[in-house]
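Count along the sequence shown from 1, then add 5; that gives the number in our numbering.
Cβ coordinates follow ideal geometry from the N, Cα and C atoms, glycine included.
Computed from a predicted structure; not experimentally measured.
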Amino acid sequence: TRSRSRSIRMVSASAVPFNGRLQLACPVTLTPLDSEGLCPESGLRYSKDSGVWDLTVGAGVPRSGRSPTPATVREALRKLLPKDLAGFLPTADTPGSGIFESPAVAFAYERGWRQGFVLAGFPGPDEEFEMARRVFRDVETKKGVVVDASCASGLFTRRFLQTGVYSEVIALDYSESMLQQARAFCEEEGVQSEDVTFVRADIGRLPFTENSVDAIHAGAAIHCWPSPKDGVAEIFRVLKPGGIFCGTTFLNPELPFLSEELNAIASSISRGFTTQGGIQFWDKRALQGVFEMCGMIDIECEIRRQFIFFSAKKPFPSNSNFEYEASIRGGPNNETV
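Printed below as a string of structure tokens:
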């Protein structure tokens, strides 16, 4: 076991990280799981199947050992289908998330789908990755933990792994199909290692304890989240003070003959229509507003046509003390075994 990060409110001494680094948590109680995937508080036990930890609400097996009865016809049908086909019946409530559960979309994502983003101004994965690395400089220096949220097929997960500068990379997505495709690409490219953990989870209920993650990246993702505010609030909760959240998304196109204020109004109206399909395109002000209402600071944006790269930081608490700051910097509150 290498190191075990504790935040101020992590008190379970018996809880052991799965792989000796970042402690994963029960999505119901948000308390640490032990080395066998058991939550001592709820009694729910979580497991890894085909290399992926399922840490969504409802995935835990209760003390009775009985699997929960399917609550809907769709859930019952999913249980009857082979695992490789279950993704064709999505579990997400919004089309914006559900479409990515499809095995066909997971297969196509890096085989044409993602390449089309260049038409909106996305510079391409290599340059987008370098933009993320620039804001993660301090995290790389201290070999921190990075979560690639909504990782899809692992386009950026692999790049984070290939740097060799992170103590652990968490590939997190709601789609089982995407996570299996991410694992397959890692194996094909020879970057599969003990330093990556694949986790199925809801962005609005991240299975990590508070103040435990150094950096979170979400590439071309926030426009698909069912509730961006809930997602950013969760990111704030799990980031260490001083931790960085960055990512990319789509902007609504601006009309050149309108002022910035009128463009913002037009964008808000447009977003009201697009959200009905589960996809939200943004304007810079609205995106900054979500970060600010969740407590983020030092918000920066870079725009190219309909592409925007953003970054924001979790502040240090105003009443921080030595014990708190030492835990963030790897001081006396971190254990090394």
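In the structure shown, what three-state DSSP assignment does F250 receive? In the three-state reduction of the DSSP assignment, F250 falls in the strand class, which pools E and B.
Go ahead and label Q186 buried or exposed: buried means 16 or more other beta carbons lie within 10 angstroms of its beta carbon, across all protein chains shown. Buried is the call here.
Which ranges does the alpha helix (DSSP H) cover as unbroken runs of at least 4 residues, wholly within the stretch 25-77, from first to last along the chain? Listed in chain order, there is nothing to give.
Specify whether the stretch 141-150 and the stretch 214-222 touch according to this definition: at least 3 beta carbon pairs, one from each stretch, less than 8 Å apart. Three or more Cβ pairs closer than 8 Å define a contact, and the stretch 141-150 meets that threshold against the stretch 214-222.
Where does L124 land, buried or exposed, given buried means 16+ other C-beta within 10 angstroms? Flag for L124 reads exposed.
If I measure Cβ to Cβ from I304 and keep anything under 6 Å in the same chain, skipping five residues before and after, which residues do I get? Apart from sequence neighbours up to five positions away, the residues of its chain that approach I304 with a beta-carbon distance below 6 Å are Q293, F296, A317, ordered along the chain.
Assuming V174 contacts V201 under a Cβ cut-off of 8 Å, what Cβ separation, rounded to an integer in Å, is found between them? Rounded to whole angstroms, the Cβ separation of V174 and V201 is 5 Å, and the two are in contact under 8 Å.
Is S182 buried or exposed, if buried means 16 or more other CB atoms sit within 10 Å of its CB? Of the other Cβ atoms in all chains shown, 16 or more fall within 10 Å of the Cβ of S182; this residue is therefore buried.
Do the stretch 155-165 and the stretch 224-237 meet, that is, are 3 or more Cβ pairs less than 8 Å apart? The answer is yes - the stretch 224-237 touches the stretch 155-165, with three or more Cβ pairs under 8 Å.
Between C299 and A137, which are expected to be in contact by the criterion C-beta below 8 Å, what is the C-beta distance as a whole number of angstroms? The pair is not a contact, with the Cβ atoms about 20 Å apart (cut-off 8 Å).
Can you give the Cα-Cα distance for G48 and P67, rounded to whole angstroms? Each residue's Cα considered, the two are about 6 Å apart.
Assuming C191 and R163 are in contact, meaning their beta carbons sit under 8 Å apart, how far apart are those beta carbons, in whole angstroms? Indeed they touch by this definition, with Cβ atoms about 6 Å apart.
Secondary structure of W287, DSSP reduced to three states: If DSSP states are grouped into helix, strand and coil, W287 belongs with the strands.
Distance, Cα to Cα, G248 vs T96? Computed Cα separation, rounded: 31 Å.
Taking the Cβ atom as the reference point for each residue, do F203 and G56 lie within a distance shorter than 7 Å? One thing to note: F203 has its Cβ within 7 Å of the Cβ of G56.
Between the C-alpha atoms of R116 and E46, what's the straight-line distance to the nearest angstrom? Their backbone Cα atoms lie some 43 Å apart in a straight line.
Contained alpha helix (DSSP H) runs [length at least 4] in the stretch 110-170, N- to C-terminal order: Runs found: 130-140, 142-146, 162-168.
Starting from the C-beta of R64, find all residues in its chain whose C-beta is less than 7 Å away, skip the five residues before and the five after it, and write them out in chain order. One detail in the question is off: residue 64 reads as Ala in this sequence, not Arg. Hits under 7 Å: Y51.
Rounded C-beta distance between V151 and Y171? I'm assuming under 8 Å. Confirmed, Cβ separation roughly 5 Å.
Residues near M301 in its chain [Cβ-Cβ closer than 6 Å; skip 5 each side]: If we look at M301 and ignore the five residues flanking it on each side, its Cβ neighbours are A317.
Based on Cα-Cα distance, which residue from L43, V33, F112, A111 lies nearest to T61? Answer by Cα proximity: V33.
Under the three-state DSSP convention, the category V174 falls into: V174 falls in the strand class under three-state DSSP.
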